[in-house]
Each structure stands twice: as structure tokens, then as C-alpha cells.
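Comments concern the structure below.
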Amino acid sequence: MTKQLIVRGAPQEYELKKEAWKSLESHLNRRNIKKVLILHGEKSWAAVKTYFPELSITKAFHYYGGQCTDSAAEKFASLCMEEQFDGIIAVGGGKVADLGKFVAYKVHLPILILPTLAATCAAYTPLSVIYDEADVMLRYDIFPKASDLVLIDPAIILQSPRELMIAGIGDTLAKWYESHAIISQLEVKPVEVQVAEFAAKKCREILLEKSTEALVAMDTQEMNQAFIDVVETNILLAGMVGGFGDEYGRTAGAHSIHDALTVLPDSHQQLHGNKVAYGILVQLMIEDELTEIKNLLPFYHQLKLPTNLVDLGMHLTEEDYQAVAERACAPGEMIHLMKETITPDLVIQKMKALEEFTR
């Protein structure tokens with residue numbers, strides 16, 4: 083018997099189209115939003131602010147601060163109450179989206195998200211990953227309400243940094259491997275879990291088939307269908323896996339390895355998706371799926387995704403291995419949703435075995 087599942091399938095509205103941002107004002111008017119807080123990134127905002135439409139309503143632009151933390155959420159929640167905003171817009175990547183959702187939850191306001199990257203499914207999902215001030219991942223909070231709108235202009239994402247798109251592909255590829263590790267244990271699959279499994283399988287299929295062509299679109303700055311498909315895979319399909327599967331579709335070994343690596347300051351220079359992509363291979367090592375690792379390696383090499391710690395630019399001492407393995411296996415970590423009993427010793431053994439296997 084499966085545990086109680088809560089379906090959080092999608093934002094209230096999702097739209098991907100050419101010049102989508104131009105319709106932002108009409109979306110605000112339909113929601114009777116008259117005064118908005120606009121949270122944005124730094125580099126991403128510099129790149130996209132010319133595309134941001136002139137809004138005739140009252141608005142305040144704020145740099146979000148670089149991280150989704152409890153203190154940042156408190157700060158902007160207080161600002162929302164002081165200024166009596168009646169809506170929040172988040173423009174940028176995953177961390178801006180996460181902070182926007184977290185603030186919106188605290189002050190019960192609608193949240194509209196305009197992604198500038200396709201590096202995570204953060205724009206789509208009703209949850210936020212919370213970090214501390216030292217960039218160590220603390221937890222993720224799931225909210226009882228979906229985002230009000232996700233508005234995507236693929237031409238804006240086409241101009242985003244290539245390495246962030248690749249990191250998004252690494253992050254999204256994990257959807258299949260992590261959900262499969264959990265769902266494969268079920269004797270009976272509820273319909274919503276079947277939807278999550280279908281979406282996860284499509285993630286793997288589309289990414290392995292179309293990522294190379296999508297990256298050509300970024301290199302030539304010429305839109306193609308493969309690019310649009312990969313953007314929607316990284317945002318929409320990836321979000322559906324956890325949205326329909328709940329904890330059967332969220333994370334398992336790969337993200338536990340990612341979260342554990344954040345205890346090492348050296349890991350903070352690496353993109354989230356790159357660490358997750360490495361985590362996929364560690365998870366497959368734990369599962370003794372060496373054939374699947376061999377099948378994935380050409381794809382990893384083609385996209386320059388990291389296959390080992392050396393590729394991540396990390397050289398771990400025995401103490402580092404121990405710290406990572408203990409964090410990965412902490413009580414409540416998602417790695418324990420996998421079949422075997424996972425211990426720190428096993429994680430260290432498999433991380434070292436991956437180094438040998440991929441050299």
C-alpha cells in the first residue's frame with residue numbers, strides 16, 4: 083500500500099510562447115493585482131531587463147540577494163506587509179523562483195514566475211529549497227498552493243548561458259533514475275504515480291535524444307523544436323514528476339549526494355545540476371547498474387557533464403569523504419528511499435569505485 087499522496091500537478095497557469103512576457107500586464111489585470119514586488123537576479127536581470135514590459139501598475143524592483151534563505155524570506159515578507167503589495171513577480175533562475183514562492187507563501191500573495199533559464203523545474207513546482215547563509219542546503223518546504231502563473235518566452239532562455247542549460251539537463255535526467263529507484267518497489271502503482279513515471283521516462287527519452295540539437299540552437303542563436311522540447315522537459319515535465327508522484331517522484335540517491343556535497347565549500351563553485359548529474363552516477367554505482375553508467379557516459383562526455391569528482395574540480399580527503407557520506411545518509415535523507423540499506427561506508431566505497439570506473 084502506498085503512503086498518502088498529494089497531487090500538486092501544475093501551476094494554476096503555464097504559458098510558453100514567443101514574446102510571452104508582453105502579456106504580463108493582462109495576466110496581472112485579470113488577477114486584479116495593482117501593486118507588485120518584483121524580485122530579480124543580478125546577471126540574469128542585466129541580460130533580460132530590456133525584455134521586461136513597461137507596467138502601468140505600481141511596482142518595486144529588488145535584487146533578491148543571491149540565495150533562498152529563511153532570513154531573505156523574512157526580509158521580503160516584511161517588505162510586502164509594509165508596502166501592502168498584492169502580488170509578487172520572480173524573474174530569473176531557480177533560486178529567485180524559490181525565494182519568490184517562499185515569500186508568497188508567508189504573506190499569502192499570488193506569485194508569478196518569469197524564468198530566464200531552464201536550469202531547474204523550480205518555476206513549476208510548489209516547493210522551495212532553503213539554504214543557510216554559508217550556502218549549505220538545509221531543507222525543502224512544500225507549499226499547499228501552486229504558483230499562479232509561469233510565463234516563458236523561449237527566445238529569452240535561448241540567450242541564457244549554455245552551461246546553465248547543460249546543468250538543467252543533468253538535474254532533469256535525475257528525475258528518471260531517482261523516481262524509478264522508488265516507484266520500482268511498488269506492487270501497486272496508483273494512477274497519479276503512473277503519470278509521474280511516464281513524465282520521468284519522457285524526461286530521459288527527450289534529453290538523450292534532443293539535448294545535442296537543443297545546444298546547437300543556443301550556439302547558433304537559432305530557435306529549433308529540440309530547444310523548445312528540452313526547455314519544457316527541464317521545467318514542465320520535470321515538475322510533473324514530483325507534482326504527480328509526490329515523494330515517489332521527488333528525489334532519491336542523486337540529490338542526497340548533491341545535498342551532501344554542499345557541506346564542502348569547494349562544491350559551491352559547481353552548478354546544482356552538475357552535482358546532481360554526478361550524483362546520478364553514484365546512485366547507479368550503489369545500485370550496481372554498471373551497464374547503465376556505460377550507456378550514459380558518451381552522453382555525459384558529449385555535454386561535458388561531470389562523471390567523477392575530478393571533473394567537478396574536487397579532491398576529497400578521507401575526512402571529506404566521511405563528511406559527505408554521513409550527510410548523505412543522515413536520518414530522513416531521500417537516499418534511504420532506495421532499496422538497499424545505505425550506510426556511509428557504502429557511499430564512500432561507491433564514490434571511490436566511480437572514480438576508478440570513470441578514469
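Its first residue numbered 83, the sequence shown is counted upward by one per residue in the working numbering. Glycine included, every Cβ here is placed at the ideal spot set by N, Cα and C.
Taking only three categories from DSSP, how would you classify residue i?
{"i": "residue 416", "result": "helix"}
{"i": "residue 215", "result": "coil"}
{"i": "residue 174", "result": "strand"}
{"i": "residue 83", "result": "Interpretation of residue 83 is limited by its pLDDT of 43, a score under 50 that renders its predicted location unreliable; the figure taken from the coordinates is listed afterwards. Note: residue 83 maps to coil in three-state DSSP."}
{"i": "residue 123", "result": "coil"}
{"i": "residue 271", "result": "coil"}
{"i": "residue 222", "result": "strand"}
{"i": "residue 131", "result": "helix"}
{"i": "residue 105", "result": "helix"}
{"i": "residue 157", "result": "helix"}
{"i": "residue 229", "result": "coil"}
{"i": "residue 234", "result": "strand"}
{"i": "residue 169", "result": "strand"}
{"i": "residue 183", "result": "helix"}
{"i": "residue 422", "result": "coil"}
{"i": "residue 151", "result": "strand"}
{"i": "residue 363", "result": "helix"}
{"i": "residue 117", "result": "strand"}
{"i": "residue 240", "result": "helix"}
{"i": "residue 289", "result": "helix"}
Between which two residues does the alpha helix (DSSP H) carrying residue i extend?
{"i": "residue 321", "result": "320-327"}
{"i": "residue 264", "result": "244-265"}
{"i": "residue 380", "result": "372-385"}
{"i": "residue 348", "result": "Premise fails: residue 348 is in no alpha helix (DSSP H) and is neither H nor E."}
{"i": "residue 310", "result": "307-314"}
{"i": "residue 339", "result": "335-343"}
{"i": "residue 303", "result": "Segment: none, residue 303 is in no alpha helix (DSSP H) and carries neither H nor E."}
{"i": "residue 406", "result": "400-410"}
Would residue i pass as a contact of residue j if the rule is Cβ separation under 9 Å?
{"i": "residue 293", "j": "residue 381", "result": "yes"}
{"i": "residue 134", "j": "residue 220", "result": "no"}
{"i": "residue 409", "j": "residue 323", "result": "no"}
{"i": "residue 285", "j": "residue 319", "result": "yes"}
{"i": "residue 206", "j": "residue 321", "result": "yes"}
{"i": "residue 353", "j": "residue 228", "result": "no"}
{"i": "residue 265", "j": "residue 176", "result": "no"}
{"i": "residue 424", "j": "residue 368", "result": "yes"}
{"i": "residue 253", "j": "residue 100", "result": "no"}
{"i": "residue 300", "j": "residue 242", "result": "yes"}
{"i": "residue 167", "j": "residue 142", "result": "yes"}
{"i": "residue 191", "j": "residue 106", "result": "no"}
{"i": "residue 360", "j": "residue 394", "result": "yes"}
{"i": "residue 129", "j": "residue 198", "result": "yes"}
Hey, quick one: how far does the beta strand (DSSP E) through residue i stretch, first residue to last?
{"i": "residue 140", "result": "140-145"}
{"i": "residue 98", "result": "96-98"}
{"i": "residue 193", "result": "193-197"}
{"i": "residue 392", "result": "It is not in any beta strand (DSSP E) - residue 392 carries neither H nor E in the DSSP assignment."}
Assuming residue i contacts residue j (C-beta within less than 8 Å), just tell me the rounded distance between them.
{"i": "residue 180", "j": "residue 204", "result": "5 Å"}
{"i": "residue 146", "j": "residue 178", "result": "5 Å"}
{"i": "residue 173", "j": "residue 127", "result": "7 Å"}
{"i": "residue 342", "j": "residue 256", "result": "That pair is no contact at about 14 Å."}
{"i": "residue 396", "j": "residue 349", "result": "6 Å"}
{"i": "residue 26", "j": "residue 213", "result": "Since the displayed the chain opens at 83 and closes at 441, residue 26 lies outside it and no answer follows."}
{"i": "residue 420", "j": "residue 334", "result": "5 Å"}
{"i": "residue 389", "j": "residue 440", "result": "4 Å"}
{"i": "residue 115", "j": "residue 88", "result": "About 27 Å separates the two Cβ atoms, so there is no contact after all."}
{"i": "residue 290", "j": "residue 109", "result": "Going by Cβ atoms, the distance from residue 290 to residue 109 rounds to 35 Å, so no, they are not a contact pair."}
Please tell me whether, using a cut-off of 8 Å, the distance from the CB of residue i to the nearest non-hydrogen atom of the ligand GTP is below it.
{"i": "residue 279", "result": "Summarising the ligand content, the structure contains no ligands, and the ligand GTP is consequently not present."}
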